[in-house]
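Here the protein sequences line up with chains A and B, keeping their order.
For the numbering used here, count along the first sequence from 1 and bump the result up by 46.
For the numbering used here, count along the second sequence from 1 and bump the result up by 923.
Here is the structure we will look at.
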Amino acid sequence: MRFRIYRYDPEKDAKPTMKEYDVALEPSDRMLLDALVRIKSIDDSLSLRRSCREGVCGSDAMNINGKNGLACITKLADLKEPVELRPLPGLPVIRDLIVDMSQFFKQYHSIKPYLQNSEAAPEKERLQTPAEREELDGLYECILCACCSTSCPSFWWNPDKFVGPAGLLAAYRFIADSRDQAINDRLDDLEDPYRLFRCHSIMNCVDVCPKGLNPTRAIGRIKDIMVKRMV
Amino acid sequence: MTYPVRKFDAVVVGAGGAGMRAALQLAEAGLKVAVLSKVFPTRSHTVAAQGGIGASLGNMGDDSWLWHMYDTVKGSDYLGDQDAIEFMCRMAPQVVYELEHFGMPFDRNDNGTVYQRPFGGHSQNFGERPVQRSCCAADRTGHAMLHTLYQRNVRANTLFFVEWMALDLIRDASGQVLGVTAMEMETGEVWVFHARATLFATGGAGRIYSASTNAFINTGDGLGMAARAGVPLEDMEFWQFHPTGVAGAGVLITEGVRGEGGYLLNKDGERFMERYAPTMKDLASRDVVARAMATEIKEGRGCGKEADHILLKLDHLGMEVIEKRLPGIREIAKKFANVDPVKDPIPVVPTCHYQMGGIPTNYHGEVVVPVGGEPNTVVPGFYAAGECACASVHGANRLGTNSLTDLLVFGKASGDRVIQFLKENPGHKDLPADAGEYSRSRLARLDNQTGGESVHEVGAEMRRTMQAHCGVFRFPDMLTQGVDKIRQVAQRVERTEIKDKSRTFNTARIEALELENLIEVARSTMVSAEARRETRGAHDRADFHKRDDVNWLKHSLWYRDNDRLDYKPVKLKALTAETFEPKVRTY
């Protein structure tokens, strides 16, 4: 199978190049990550992140034939040759398919991604109805792979100011949690021309999310709550 | 001194469930802590745990920590230390409530309490009937827990060193542990982390086998570092083969599927677990179910063209239950097995999943080794928690859900113990003059190696050897040959060569270093398994087909030097509960 892979080693390359690989795969190589592991067994200088190989750790996000996705759950049979692999767009490249995700995590941290509740904790669990808990479905499953934020033009242009779809999904995860008491602070923090309102609902994030989540909907809900709060 | 030195009160190696729970204790106590992780914390392998956290909350009916303790002791095939097991089962509800307070999105009952599902080996009233004890967030419990712990650490301003790989333990002449050397993957720079206390939470090493549910990063780094520093590894012959890994792919399918009512079928469509475990059936403990499946396959009742797998049926649960309780499983089955479990059964085989053994500790998380006549002498400054540690709560076989319980309970307890140690031992002891030298020589060897073999090939040979010689069923001649073979592989590991010598994010170098850790785990496993002449829990010897409490009710201790083996007694005395005396184990 044929691949064209983005290669860049800052120690020796003035600029990145696309390197061609033609590899004989085994029947057990079913996912893109299997092929990349095989390529690395031949050329050990190819660098990428990977861990769980089942789509839950979020390590191996990359741009696959022009679309962001996870290599470990992308079937080889579904890919057009040559398979063109690039690092996630919009973030600084450290080497090959490895990007510097500091900006992405900085935005995630900026929304205070932890439950805030100043009441003394009860002896047992805080109660939450199944309906209240259901509000968190489609939000808490995010794996922080950054496929969404790095497919978003607003994030490319303002990665320092726009929280981005992943961070906003997380913000809504806490806004929607019946146990969280900081809703007003969270909304105040987002009420800003950049942090929230740079989202123009073009839905690239929804299109690429490997977990099938919908950040655009979550962002819309935050905007709705903000409007309601004003009236 | 060859490397820059940075001083911390404590260094935690590993940022999975145990490492982050420990880090939280330390950070909230205001200590200067460095948490090192090879990956961004939420990418640690705890993220892949599915089914739940075992704790006797009693939300679904009567339950008690004593029943949980009985099930765990029985599940361990009586090799677990009963003081540690009592401690874990008593603490479990508290750490689960704390996790809920941190924001964990547990599933709920109508009355608002945490939903609990049945799980293998967990019972009411000392084995009478299955109990619902597993606290879960759909089938993504580990993911939800790991993210919650990370979030809580963000709140506590924990200092993470992300994508740093620890290389070696630093001990002084008295044996006290004074920190680690570690490499920043992005730059290739090495630092000495000089710490008053060092806590390993480096996880397991399931990557010693070809077929494994484990992530690529599960390379036993803590075990390798401990073994090279002269610390023995305990009970390494005991590896859990999870009954339901996706055939061919290895990816885990939670026991929660059977907890929710799914069951296993052989090629005749027979629900064969009824024959092997009349009471608990498909919810017998994992060693029992895995062995039953392997027996069915061995005796020609496997499914498929090659008669090489078993089918896990769950379509009868209906779309609603599957979508609500097992959505991740449906996703995995579709992707990795090409079946939609709403309609068709999932092909599964027993797959290496969990390491019961590890770095020997007591129930405070302090690392303990034999000194003189005392088998459990504390190594000052050294702690371990989670899968890399052997407390031992899992003994010869771990119950499902007890892994996450272990991470929370012993993560927290070891953190607390470190705090106490730091209070009693102010100030840093001096580093030995040659601190860092050992790591430097290992890195230099790797960089200067010529004419060596590829890491990939030697690693594959190790995994094949373990798979063929030390699997679900173990045969004396295969084990004897296995010891020879794995020693040969170990020699080859000393001569691996990487072509890429660059410094920036050189993952070839990382993989070579990981193999140096894996091989210690593989060797300890094979040597300990060859020596243990009985069948207990996950260790099934064809030539000694019974448990032998007269000769083998003891923990193995493997030392790296000359593959020396030692043994120490099992702690049968609990903290307050009466001892559960070993008896015949049926489900």
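Every residue gets a Cβ at the ideal spot worked out from N, C-alpha and C, and that includes glycine.
Which of helix, strand or coil DSSP assigns to residue i
i: A:HIS246; result: coil
i: B:THR1502; result: coil
i: B:LYS1258; result: helix
i: B:ILE1245; result: helix
i: B:VAL996; result: helix
i: B:TYR1482; result: strand
i: A:MET108; result: strand
i: B:SER1377; result: coil
i: A:ASN163; result: coil
i: A:GLU66; result: strand
i: B:PRO1268; result: coil
i: B:GLY940; result: helix
Span separating the alpha-carbon of residue i from that of residue j
i: B:PRO1399; j: A:ASP89; result: 39 Å
i: A:PHE151; j: A:LEU79; result: 24 Å
i: B:GLY1147; j: A:ASP234; result: 49 Å
i: B:LYS1008; j: B:VAL996; result: For the sequence presented, residue 1008 of chain B should be read as Ile rather than Lys. Taking the straight line from one Cα to the other gives about 7 Å.
i: B:VAL1395; j: B:GLY998; result: 17 Å
i: A:GLU66; j: A:ARG48; result: 7 Å
i: A:PHE201; j: B:ASN1325; result: 41 Å
i: B:GLY981; j: B:GLN1055; result: 8 Å
i: B:ILE1131; j: B:GLU1437; result: 11 Å
i: B:GLU1086; j: A:LYS257; result: 24 Å
i: B:ASN1048; j: B:LEU989; result: 9 Å
i: B:SER987; j: B:PRO1505; result: 21 Å
i: B:GLU1420; j: B:ALA1431; result: 10 Å
i: B:HIS1462; j: B:GLY1035; result: 42 Å
i: B:PRO1283; j: B:PRO1273; result: 27 Å
i: B:GLY1223; j: B:LYS1422; result: 46 Å
i: B:GLY1375; j: B:ARG1368; result: 11 Å
i: A:GLN227; j: B:MET1014; result: 28 Å
i: B:ARG1446; j: B:ALA1314; result: 21 Å
i: B:THR1125; j: A:VAL273; result: 47 Å
i: B:VAL1174; j: B:GLY1153; result: 34 Å
i: B:TYR1490; j: B:ARG1340; result: 26 Å
i: B:ALA1356; j: A:GLN162; result: 47 Å
i: B:GLU1183; j: B:ARG1194; result: 16 Å
i: A:ARG225; j: B:VAL1244; result: 26 Å
i: B:PHE1084; j: B:ALA957; result: 7 Å
i: B:ALA1170; j: B:VAL1271; result: 5 Å
Residues near residue i by beta carbon distance below 6 Å, same chain, minus five either side
i: B:PRO1264; result: LEU1237, ARG1253 and ALA1256
i: A:PRO138; result: ASP146
i: B:GLU1021; result: none
i: B:VAL928; result: VAL1115 and HIS1117
i: A:ASP68; result: ARG48
Buried or exposed (CB count within 10 angstroms, at least 16 for buried), residue i
i: B:ILE1220; result: buried
i: A:PRO73; result: exposed
i: B:HIS1392; result: buried
i: A:ILE248; result: exposed
i: A:SER164; result: exposed
i: B:ASN1285; result: buried
i: A:TYR240; result: exposed
i: B:ARG966; result: buried
i: B:LEU1498; result: exposed
i: A:VAL277; result: exposed
Neighbourhood of residue i by C-beta, 8 Å cutoff - its chain only, sequence neighbours within 5 removed
i: A:ASN250; result: CYS194, SER197, CYS198 and PRO199
i: A:MET77; result: ARG99, ALA117, CYS118, ILE119, THR120, LYS121 and LEU122
i: B:TRP1475; result: ARG1455, ARG1456, GLU1457 and ARG1459
Proximal residues to residue i (C-beta, below 7 Å), its chain only, five neighbours per side dropped
i: A:PHE243; result: none
i: B:ARG1508; result: LYS997 and ASP1000
Per-residue contacts from residue i into chain A (C-beta, under 8 Å)
i: B:GLU1140; result: Residue identity differs from the one stated: residue 1140 of chain B is Ile in this sequence, not Glu. Under the 8 Å cutoff, chain A gives SER97.
i: B:VAL1174; result: ARG99 and GLU100
Any non-hydrogen atom of the ligand SAH closer than 7 Å to residue i Cβ
i: A:ARG53; result: Absent from the structure shown: the ligand SAH. Ligands present: none.
Neighbouring residues, chain B, relative to residue i (Cβ below 9 Å)
i: A:GLY104; result: PHE963, THR965, ARG966 and VAL970
Partner residues on chain A for residue i, Cβ-Cβ distance less than 7 Å
i: B:ILE1255; result: GLU100
i: B:TYR1020; result: LYS170 and GLU171
Contact set between residue i and chain B, taken where Cβ atoms lie within less than 7 Å
i: A:ARG141; result: THR1427 and PHE1428
i: A:PRO176; result: ARG1031 and ASP1033
i: A:ASP55; result: SER1425 and THR1427
Residue i: contacting residues in chain B (beta-carbon distance under 8 Å)
i: A:TYR160; result: PHE1025, GLY1026, GLN1074, ARG1075, VAL1077 and ARG1078
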